[in-house]
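For the sequence shown, position 36 matches number 1430 in the working numbering, and the numbering has no gaps at all.
Glycine residues also receive a C-beta, built at the ideal position from the N, C-alpha and C atoms.
Given the structure is predicted, the values throughout are model-derived calculations rather than measurements.
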Amino acid sequence: MFKHIKTLYEKSEKFFHPLVGLSSYEKYLEHMKRNHPNDKVLSRGEFFNEALDRRYNSGGFKKCC
């Protein structure tokens, strides 16, 4: 059962995260390694916090309330 849940979670990054506008941390790491090898890499938590901040606090997202 736990193996099945783990598999679903791992696949969620490929299917669910793009649906809600979250970028892939692994893609970010690949990009940084390839294009910015000397720059500091964000931790997973920092990466997702920044992605959420860009999405919801950029002024382009209209809130219902």
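Query: Through-space distance from K1421 to Y1403, alpha-carbon basis; Result: 17 Å
Query: Helix, strand or coil at H1430 according to DSSP, with G and I counted as helix; Result: coil
Query: Boundaries (first-last residue) of the alpha helix (DSSP H) holding N1451; Result: First-last for N1451: undefined, no H or E at that position.
Query: Contact belief for R1460 with Y1419 at Cβ below 8 Å, rounded distance in angstroms; Result: Nothing can be reported for residue 1460, as the shown portion of the chain is limited to 1395 through 1459.
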